[in-house]
Structures are given as structure tokens and as C-alpha cells.
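**Q** I have a structure I would like to understand better, so I am pasting it below and will then ask my questions one at a time.
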Amino acid sequence: MKNSLYFKGLRLWVEGLLLLALRWAQLKSGFDPETGLSLRSVPGLVLAAVLILLIIVEAALCFRMQRGKYSYDGAFRPMEKQDLPMLAAGILLLSGGSLLLGAAGLAGGGMSALAIAAAVMGVLAAGGLLLFVKQVRSGEGRVLPLLPAMVFSVLFLLLVYLPEESNPVLARYYLPVLAAAVLACAFYQLAGFACREASLRWFLFFGDLAVPFSLAALADSSGNWGKTLACGGCAMVLTVFLVLRRAEPQPEPAEESGEDTEDE
């Protein structure tokens, strides 16, 4: 069963690389070089179709799961040594991307204050994820270390969307905004597990979409290394937690007690 979950992580990255290739081709051929207006292109049409198909498929897969809210221990298996390298790499990319976002904000230009705020929260998010991993491996898991990641994902969404809010060409910016939105939803659900306030089905739905969508959005952040590294780092971190999730969530102690009482 563990091997099937690792295969799922690989599947998400294959999907992401496919979307990345389609998005890159759309950016090269799907826009008028003089006016910037969107043109009808095969890569753009295929990309939109694949995105819709992935949303439908992930919804069908995730919503087949049993409803309910679980704690972290009930929803995820213990971390092992082979899970740590990719998680560490994702945290390193997140912190590096955040520092570059902060450097761009300090250099001035539009959205500088938001970029600096996102950079600060990104560095705190990287440190919080490290602390959370340490807590989980020692048998604990508190929500506080995950809060910076949740706040960073919201600021990152604003940083992606606000510069494009007046852009009339939706095809130019819809994918990075969509990727940032599902990233924010996935980190929100992940933080909720530490206080048993998250739904496993919703985490899987948003997480399974956030990884390939974020990889596809790398085509839009070409030349902006801050966004590229931060987006890629978030995708790697979420991939690890998606692989760690239990195929069959464990019932919570309170639920077991309730069942025993009813049997008596």
C-alpha cells in the first residue's frame, strides 16, 4: 500500500510536467506578440481540457472517501527517513524563494510591501515546517508551527493575483492564480489536522490539484526566481504529506470510546 502512495506522488509530478509543457507551449504560441491578446491555440485548448479533467477525476476519487475530521496521527502515517530528503529540499526551496521575494520587495517597485511580508512569512513557514516535522517525529503535532505556512500561502496568492487584477486577458494569468489558490486551500487543510479541524478528503482534493497546478505555473514565473522557488518548494512539501497520508484513516480515540459505549 505504501508503494501505491509513492506511485501516486510520482503520478502528480508526471501530471505537473505535462501541464508545464502545455503551458509553456501556450505562452509561446497562444498570444499576439504585439497586442498581448489571447489567440486560439491547440496547446491552450488542450491545457484547459486537461485541467478540467483533472479537477473532475480528483473530485471523483477524493469524494469517495469517508467523511469526517481527523487528527494528524489519524490521517497520516509516521515519517520515515526516506520521506525527509524531499521534504527538506522543499523547505529549502521555500526559504530561498522567500528570501528572493524579499530582496525584490526591498529593491522597490510595485507590491514591495506585500512581497516583503510574504518573504517574512515564507521564512517563518520554512522554520515552522521544520519544527512541525520534529514534533511529529517525537509523537506530537501542534498547529502553531503550521500557521506561518498558511499565512504565507494567502500572501503568495495576493502577490500573484493583485498585479494582474486589471489585466483583461484572462488566459495570461488564470493558471498561476488558480495554482496559488489551491495551494492556500491545501495548506489551510494541512494546518487543520493539528487541531482535528481538517477534512482528509478536502486536503487530498486540494493537495492533489496543488502539486501539478503549481508545477505548471512555473512556466509563468520564468525569470522570477522568487516565485519559481517558492512555488516549487510548496509543491514538494505537499507531495510528501500526500504520500504520508494513510490509505485507511485511523478512528479517533473519542470515536472508539463512543462505539464501545454503544456496544455495551
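In this text, residue positions in the sequence shown follow my numbering: the first is 12, and each later residue adds one.
Ideal Cβ positions, reconstructed from N, Cα and C, are used throughout, including at glycine.
(1) Can you list, in chain order, the residues of its chain with a C-beta nearer than 8 Å to that of LEU95? Leave out the 5 residues immediately preceding and following it.
(2) May I have the straight-line CA-CA distance separating GLU69 from LEU62, to the nearest angstrom?
(3) To the nearest angstrom, how far is it from the Cα of TRP24 to the Cα of VAL147?
(4) For PRO159, which option in PRO44, LEU211, LEU105, PHE252 has the closest C-alpha, if you only look at C-alpha atoms?
(5) With 16 as the cutoff for other CB atoms within 10 Å, does SER164 come out buried or exposed?
(6) Tell me whether the beta-carbon of ARG112 lies closer than 8 Å to the beta-carbon of ALA241.
(7) So PRO187 is in the alpha helix (DSSP H); what residue range does that whole segment cover?
(8) I'd like to check one pair, GLY243 with LEU229: are the Cβ atoms closer than 8 Å?
(9) With DSSP as the reference, label ALA209 as helix, strand or coil.
(10) Tell me which residue opens and which closes the alpha helix (DSSP H) that ASP84 is part of.
(11) Which word fits GLY108, buried or exposed, when buried means at least 16 other C-beta atoms lie within 10 angstroms of its C-beta?
(12) Pop quiz: MET122 and PRO174 are said to be a contact at Cβ under 8 Å. What is the actual Cβ separation, rounded to whole angstroms?
(13) Since ALA205 contacts ARG153 with CB under 8 Å, what's their CB separation in whole angstroms?
(14) Work out the CA separation of PRO187 and TRP236 for me, nearest whole Å.
(15) Over what stretch of residues does the alpha helix (DSSP H) that includes GLU69 continue unbroken?
(16) For ARG78, does the three-state DSSP call read helix, strand or coil?
(17) Just checking my contact of PHE214 with ALA197 at CB under 8 Å: how many whole Å lie between their CB atoms?
(18) Does the distance from the C-beta atom of CYS245 to that of LEU194 stay below 8 Å?
(19) With burial defined as no fewer than 16 other Cβ atoms inside 10 Å of the residue's Cβ, what is the status of ARG22: buried or exposed?
(20) Could you tell me which residues DSSP puts in a beta bridge with ARG257?
(21) Taking C-beta to C-beta, are GLY20 and GLN37 nearer than 8 Å?
(22) Please go through the same chain and pick out, in chain order, the residues whose beta-carbon is closer than 8 Å to the beta-carbon of ASP231, but skip the five residues on each side of it.
**A** Let me lay it out:
(1) In the sequence shown, the residue the question calls residue 95 occupies position 84. Within the same chain, LEU95 has close Cβ partners VAL144.
(2) Counting from one through the sequence shown, the residue named residue 69 turns up at place 58. Counting from one through the sequence shown, the residue named residue 62 turns up at place 51. Taking the straight line joining both Cα atoms gives about 11 Å.
(3) Counting from 1 along the sequence shown, the entry for residue 24 is found at position 13. Counting from 1 along the sequence shown, the entry for residue 147 is found at position 136. Going by the C-alpha atoms only, they are around 25 Å apart.
(4) For the purposes of this step, residue 159 is taken as the residue at position 148 of the sequence shown. For the residues PRO44, LEU211, LEU105, PHE252, the minimum Cα distance to PRO159 belongs to LEU105.
(5) In the sequence shown, residue 164 corresponds to position 153, counting from 1. By the neighbour-count rule (16 or more Cβ atoms within 10 Å), SER164 is buried.
(6) Taking the sequence shown and counting its residues from 1, the one referred to as residue 112 is at position 101. Taking the sequence shown and counting its residues from 1, the one referred to as residue 241 is at position 230. One detail in the question is off: residue 112 reads as Leu in this sequence, not Arg. Yes.
(7) Position 176 of the sequence shown, counted from the start, is the residue given in the question as residue 187. Taken as a continuous stretch (DSSP letters only), the alpha helix (DSSP H) holding PRO187 covers 181 to 204.
(8) Locating residue 229 in the sequence shown gives position 218, where the first residue counts as 1. Locating residue 243 in the sequence shown gives position 232, where the first residue counts as 1. Contact: yes.
(9) For the purposes of this step, residue 209 is identified with residue 198 of the sequence shown, where counting begins at 1. Of the three classes helix, strand and coil, the one that applies to ALA209 here is strand, per DSSP.
(10) Against the sequence shown, residue 84 aligns to sequence position 73. From DSSP, the alpha helix (DSSP H) with ASP84 extends over 83 to 86.
(11) Here the question's residue 108 lines up with position 97 in the sequence shown. That one is buried.
(12) Reading the sequence shown from its first residue, position 111 is the one you call residue 122. Reading the sequence shown from its first residue, position 163 is the one you call residue 174. Confirmed, about 6 Å.
(13) Residue mapping note: residue 205 aligns to position 194 of the sequence shown, counting from 1. Residue mapping note: residue 153 aligns to position 142 of the sequence shown, counting from 1. Correct: roughly 6 Å between the Cβ atoms.
(14) Here residue 236 is taken as the residue at index 225 of the sequence shown, counted from 1. Here residue 187 is taken as the residue at index 176 of the sequence shown, counted from 1. If I take the Cα positions, the gap works out to 14 Å.
(15) Counting from one through the sequence shown, the residue named residue 69 turns up at place 58. GLU69 -> alpha helix (DSSP H) spans 53 to 73.
(16) Within the sequence shown, numbered from 1, the residue matching residue 78 stands at position 67. Here ARG78 sits in coil by DSSP.
(17) Locating residue 214 in the sequence shown gives position 203, where the first residue counts as 1. Locating residue 197 in the sequence shown gives position 186, where the first residue counts as 1. The Cβ separation is near 7 Å, so the contact holds.
(18) Residue mapping note: residue 245 aligns to position 234 of the sequence shown, counting from 1. Residue mapping note: residue 194 aligns to position 183 of the sequence shown, counting from 1. Against a cut-off of 8 Å, the Cβ pair of LEU194 and CYS245 comes out as a contact.
(19) Reading the sequence shown from its first residue, position 11 is the one you call residue 22. Its Cβ having fewer than 16 others within 10 Å, ARG22 is exposed.
(20) Within the sequence shown, the letter at position 246 stands for residue 257. Its beta-bridge partners do not exist; DSSP assigns none.
(21) Counting from 1 along the sequence shown, the entry for residue 20 is found at position 9. Counting from 1 along the sequence shown, the entry for residue 37 is found at position 26. Their beta carbons are not under 8 Å apart, which means GLY20 does not touch GLN37 by this criterion.
(22) Taking the first residue of the sequence shown as position 1, residue 231 is located at position 220. Once the five neighbours on either side are set aside, the close Cβ partners of ASP231 are ARG34, LEU38, TYR184, LEU186, PRO187.
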